[in-house]
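Okay, so here's the structure we're looking at.
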Amino acid sequence: MVELIHGLSPGLVRSNLERVREEIAACGRDPQDVEILAAIKYVADDELVALAQAGVKLVGENRAQDLARRARTHPGLFAWDFIGTLQSRKVRSLLPYVRYLQSVASDSALAQLARHGNASTEILVEVNVAGEGGKSGLDPPELEAFLERCTVSVVGLMTMPPYTADPERSRPHFAQLRQLAERNGLRHLSMGTSQDYLVAVQEGATIIRLGSTLYGRSAS
Ligand SMILES: *Cc1c(COP(=O)(O)O)cnc(C)c1O
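Adding 8 to a residue's 1-based position in the sequence shown gives its number in the numbering used here.
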């Protein structure tokens, strides 16, 4: 486990956010149409206020216990999305806190959503577009039938392509996710991390999920 980040400077995070927004605009997209989600798994609890001061509005958490604790102790600070591997037995404890469960990809999770979700529950379905073995997410051919089995509102798709030093390698995966969303009439595309967010924005991302890019010194 890596050490959690302490001593974040709101000014640094703010300038990183501004830089990302400028890059989004330079791609020909309206920055209003691309939400920047701060992935907070690297960040200590007591840094969340600094993120809010920096202008972060939306955060994503990978562990259910962390999300519930942090959301409970920081009410009203952010909107919270769950972006980690979703264990179905955690669905119920997450629902009171999350805006979107972004990473739904199992029938056991759907069963829990059918039991504990309600009319305002909104999810994204995670798709393993790269077909990586051992990774979470549905195989693309399974998507349509899975959507038919969902009893709560599906607002989009999410994907996490393989690690790469070359962002262009993610482009075909993002393009495929967009096609799957279009074919199924889904609005949100959660795709792109620090390694490839600009390619994701070019391919239509509506939510990019950023960690290191926001917390590190800017490369330029
Ligand atoms: C950690 C994480 C991110 C952010 O990754 P960075 O490379 O630090 O930008 C995005 N999505 C998910 C699902 C993550 O776990």
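Don't be surprised by glycine CBs; every beta carbon is placed ideally from N, CA and C.
**Continuous beta strand (DSSP E) assignments of at least 3 residues falling wholly in the segment 129 to 206** = 130 to 134, 161 to 166, 196 to 198, all fully within the segment 129 to 206.
**Request:** Evaluate L132 with the Cβ neighbour count: other Cβ atoms within 10 Å of its Cβ, from every protein chain shown; 16 or more gives buried, anything less gives exposed.
**Result:** As a working note, residue 132 is residue 124 in the sequence shown. Answer is buried; the Cβ neighbour count reaches 16.
**Whole-angstrom C-beta distance between R217 and I91, which should lie under 8 Å** = Counted from its first residue, the sequence shown places residue 91 at position 83. Counted from its first residue, the sequence shown places residue 217 at position 209. Indeed they touch by this definition, with Cβ atoms about 6 Å apart.
**Message:** By the three-class DSSP mapping on this structure, what secondary structure does D38 have?
**Reply:** Here residue 38 is taken as the residue at index 30 of the sequence shown, counted from 1. Secondary structure of D38 (DSSP, three-state): coil.
**Request:** May I ask whether a heavy atom of ligand 1 can be found less than 7 Å away from the beta carbon of M199?
**Result:** For this step, residue 199 is matched to residue 191 along the sequence shown. Every heavy atom of ligand 1 is 7 Å or more from the Cβ of M199, so no.
**Prompt:** Does DSSP classify A72 as helix, strand or coil?
**Reply:** The residue you call residue 72 lines up with position 64 of the sequence shown. Note: A72 maps to helix in three-state DSSP.
**Prompt:** Taking Cβ to Cβ, would you say V21 is nearer than 8 Å to V64?
**Reply:** As a working mapping, residue 21 is identified with position 13 in the sequence shown. As a working mapping, residue 64 is identified with position 56 in the sequence shown. If you check the CB distance, V21 and V64 come in under 8 Å.
**Asked** With a Cβ-Cβ cutoff of 8 Å, do L197 and L206 count as a contact?
**Response** For the purposes of this step, residue 197 is taken as residue 189 along the sequence shown, with counting starting at 1. For the purposes of this step, residue 206 is taken as residue 198 along the sequence shown, with counting starting at 1. Against a cut-off of 8 Å, the Cβ pair of L206 and L197 comes out as no contact.
**Prompt:** If you draw a straight line from the alpha carbon of R6 to that of E134, how long is it in whole angstroms?
**Reply:** Residue 6 falls outside the range modelled here, since the chain spans only 9 to 228, and no answer is possible.
**Prompt:** Per the contact definition of three or more C-beta pairs closer than 8 Å, is the segment 80 to 88 in contact with the segment 49 to 67?
**Reply:** The segment 49 to 67 vs the segment 80 to 88: in contact.
**Item:** Residue from E211, M166, L146, R179 whose Cα sits closest to the Cα of L45
**Value:** Here the question's residue 45 lines up with position 37 in the sequence shown. Closest option to L45, Cα to Cα, is M166.
**Message:** Given a cut-off of 8 Å on the beta-carbon distance, is the pair V42 and A189 in contact?
**Reply:** Taking the sequence shown and counting its residues from 1, one reaches residue 42 at position 34. Taking the sequence shown and counting its residues from 1, one reaches residue 189 at position 181. No.
**Sequence-ordered residues whose beta carbon comes within less than 6 Å of a heavy atom of ligand 1** = Listed by chain position, these are A47, K49, N70, I91, M168, T201, S202, Q203, R217, L218, G219, S220, T221.
**Proximity below 8 Å, CB of S96 to CB of A119** = Counting from one through the sequence shown, the residue named residue 96 turns up at place 88. Counting from one through the sequence shown, the residue named residue 119 turns up at place 111. Yes, Cβ-Cβ distance for S96 and A119 is below 8 Å.
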